[in-house]
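Heads up: the structure comes next, in structure tokens.
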Amino acid sequence: MADRRDFLRASVAFVGCGLLESAHAQGLRREVLVNGKRVKTIDVHAHVAIPQAMALAGMKVPQQSLVMGEERIRAMDEQGIDMAALSINPYWYKAERDVAQAVIKLQNEKLAELCASRPERFVAFASVALQHPDLAAQQLEEGVKKLGLRGGSVGTAVNGEDLADPKFHPFWAKAEELGCLIFMHPNNGGADFEKRLRGNGGLANVIGNPLETTIALSHLIFEGTLDRFPGLKICAAHGGGYLPSYAARSDAGCVTFPDRCPKPLKKKPTEYLKQLYYDSIVFTPEALRHLAAEVGPGQIVMGTDYPFPWEKASVNLILGTPGLSDAEREAILGGTAARLLGIKS
Numbered sequence: 159m160a161d162r163r164d165f166l167r168a169s170v171a172f173v174g175c176g177l178l179e180s181a182h183a184q185g186l187r188r189e190v191l192v193n194g195k196r197v198k199t200i201d202v203h204a205h206v207a208i209p210q211a212m213a214l215a216g217m218k219v220p221q222q223s224l225v226m227g228e229e230r231i232r233a234m235d236e237q238g239i240d241m242a243a244l245s246i247n248p249y250w251y252k253a254e255r256d257v258a259q260a261v262i263k264l265q266n267e268k269l270a271e272l273c274a275s276r277p278e279r280f281v282a283f284a285s286v287a288l289q290h291p292d293l294a295a296q297q298l299e300e301g302v303k304k305l306g307l308r309g310g311s312v313g314t315a316v317n318g319e320d321l322a323d324p325k326f327h328p329f330w331a332k333a334e335e336l337g338c339l340i341f342m343h344p345n346n347g348g349a350d351f352e353k354r355l356r357g358n359g360g361l362a363n364v365i366g367n368p369l370e371t372t373i374a375l376s377h378l379i380f381e382g383t384l385d386r387f388p389g390l391k392i393c394a395a396h397g398g399g400y401l402p403s404y405a406a407r408s409d410a411g412c413v414t415f416p417d418r419c420p421k422p423l424k425k426k427p428t429e430y431l432k433q434l435y436y437d438s439i440v441f442t443p444e445a446l447r448h449l450a451a452e453v454g455p456g457q458i459v460m461g462t463d464y465p466f467p468w469e470k471a472s473v474n475l476i477l478g479t480p481g482l483s484d485a486e487r488e489a490i491l492g493g494t495a496a497r498l499l500g501i502k503s
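To get the working numbering, take the position in the sequence shown, counting from 1, and add 158.
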């Protein structure tokens with residue numbers, strides 16, 4: 159049986175730096191209560207890197223990496239995170255088929271080993287080579303059925319091609335068939351996209367990442383992908399980008415410019431938002447309250463973006479958001495994620 163020594167030997171690196179400083183610095187594990195009831199908390203947005211797979215792809219783990227160890231567990235304990243669903247941002251979308259196949263095979267096997275070493279703390283999303291859609295479908299199925307991974311992770315575009323392109327239908331069909339969650343994280347908007355975002359402020363990330371997600375979700379709606387595959391379970395990072403905050407404009411667009419909506423949708427664009435899922439990384443109680451009002455609190459799951467220090471108090475944000483019932487807080491903290499990821503609550 160895997161033990162702590164296996165965990166420390168896993169040779170997995172988390173990209174980024176910065177551990178939470180809190181009142182739990184003495185190593186105590188924070189237990190999260192909602193109206194006196196202990197709830198299991200699940201972080202659906204946590205980054206990880208597999209050094210061996212990156213080496214196979216001819217890449218190095220970024221210098222600011224943290225090697226997997228007890229520091230990660232300590233940070234989770236301090237924040238009150240019981241479990242984390244690990245995902246890897248795609249860096250292999252330009253790889254040829256044989257290289258992509260080898261990288262993903264090794265990567266997913268290592269993810270499965272890590273989760274098996276600490277099953278009470280980690281689950282993971284399978285990586286897929288989405289530039290080869292038929293291969294990606296096979297990798298998703300193998301990851302879920304053979305390796306015990308809980309879904310798949312994808313970028314918001316593949317080498318400049320939108321995920322709504324019909325070439326990706328084989329992957330979406332497999333995801334719908336498996337009924338597993340697909341975690342979508344922005345990857346790279348391309349040179350032309352990032353050119354406008356140069357300069358101060360880190361705009362390629364601060365503005366660019368949410369905008370990428372906004373574009374990807376909009377295409378999935380307007381190109382009919384969500385109609386074609388109504389059973390898809392997609393979780394969009396960073397609260398779904400900007401789309402939920404200005405969703406009514408999508409409805410108005412088809413009325414104002416009907417010729418620009420040539421494919422009739424089965425329902426209003428805003429209604430599709432209620433069949434997607436979103437992490438809670440929106441920073442303020444008012445923003446989370448608004449997101450819940452737009453998409454429904456049952457569509458939101460907790461995220462931290464670990465180890466990047468975007469949100470160090472995700473639990474507190476959810477507990478402090480006005481207008482949520484106890485049942486809704488429990489669902490966002492972990493109940494919805496447990497159902498989507500097959501985790502016992």
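Beta carbons: idealized from backbone N, C-alpha and C, even for Gly. All figures in this text were calculated on a predicted structure; none of them were measured in a lab.
{"Asked": "Candidates L431, A242 and R232, of which the one nearest Y400 by Cα", "Found": "L431"}
{"Asked": "Start and end residues, beta strand (DSSP E) containing I200", "Found": "I200 to H205"}
{"Asked": "Neighbour-count burial assignment, F329, 16 or more Cβ in a 10 Å radius", "Found": "buried"}
{"Asked": "Reference C393, options T383, Q457 and A204, closest by Cα", "Found": "Q457"}
{"Asked": "Start-to-end residues for the alpha helix (DSSP H) that takes in A394", "Found": "Element bounds for A394: not the alpha helix (DSSP H) but the beta strand (DSSP E), K391 to A394."}
{"Asked": "Residue range of the alpha helix (DSSP H) that includes Y430", "Found": "P427 to Y430"}
{"Asked": "Beta-carbon gap between S285 and I340 smaller than 8 Å", "Found": "no"}
{"Asked": "Close-in-space but distant-in-sequence residues of the same chain around A362 (CB under 7 Å, 5 per side omitted)", "Found": "E352 and L355"}
{"Asked": "Anticipated Cβ contact below 8 Å, G398 with L375, distance rounded", "Found": "6 Å"}
{"Asked": "Local conformation of V197 per DSSP, three classes", "Found": "coil"}
{"Asked": "Buried versus exposed call for L336 [16 or more other C-beta atoms within 10 Å across all chains shown]", "Found": "buried"}
{"Asked": "Within the segment 325-412, ranges of the alpha helix (DSSP H) (whole runs, at least 4 residues)", "Found": "327-336, 349-353, 361-364, 366-380 and 383-386"}
{"Asked": "Distance between C419 and A496 (C-alpha atoms, nearest Å)", "Found": "37 Å"}
{"Asked": "Euclidean distance between Cα positions of G270 and F415", "Found": "With the sequence shown as reference, residue 270 is identified as Ala, and Gly is not the correct amino acid for it. Each residue's alpha carbon lies about 48 Å from the other."}
{"Asked": "Burial state of L307, where buried means 16 or more other Cβ atoms lie within 10 Å", "Found": "buried"}
{"Asked": "Rounded separation between G318 and G360 - CA only", "Found": "21 Å"}
{"Asked": "Beta-carbon spacing of A282, C273 below 8 Å", "Found": "yes"}
{"Asked": "V192 and E444 closer than 8 Å at C-beta", "Found": "no"}
{"Asked": "Per-residue burial, T372 [other beta carbons within 10 Å of its own, 16 or more giving buried]", "Found": "buried"}
{"Asked": "Secondary structure of E486, DSSP reduced to three states", "Found": "helix"}
{"Asked": "Residue of L384, D256 and D409 minimising C-alpha distance to Q433", "Found": "L384"}
{"Asked": "Nearest residue (CA-CA) to Y404, options N367, P422 and V453", "Found": "V453"}
{"Asked": "According to DSSP, residues forming a beta bridge with A315", "Found": "D320"}
{"Asked": "Best match in L369, E228, H377 and N345 for proximity to D323 [C-alpha to C-alpha]", "Found": "H377"}
{"Asked": "Backbone secondary structure at L423 - three-state DSSP", "Found": "coil"}
{"Asked": "T314 versus L477 - alpha carbon distance", "Found": "30 Å"}
{"Asked": "Simplified DSSP assignment, three categories, for G310", "Found": "strand"}
{"Asked": "Minimum length 3: unbroken beta strand (DSSP E) runs contained in the segment 262-307", "Found": "280-282"}
{"Asked": "Three-state secondary structure assigned by DSSP to V190", "Found": "coil"}
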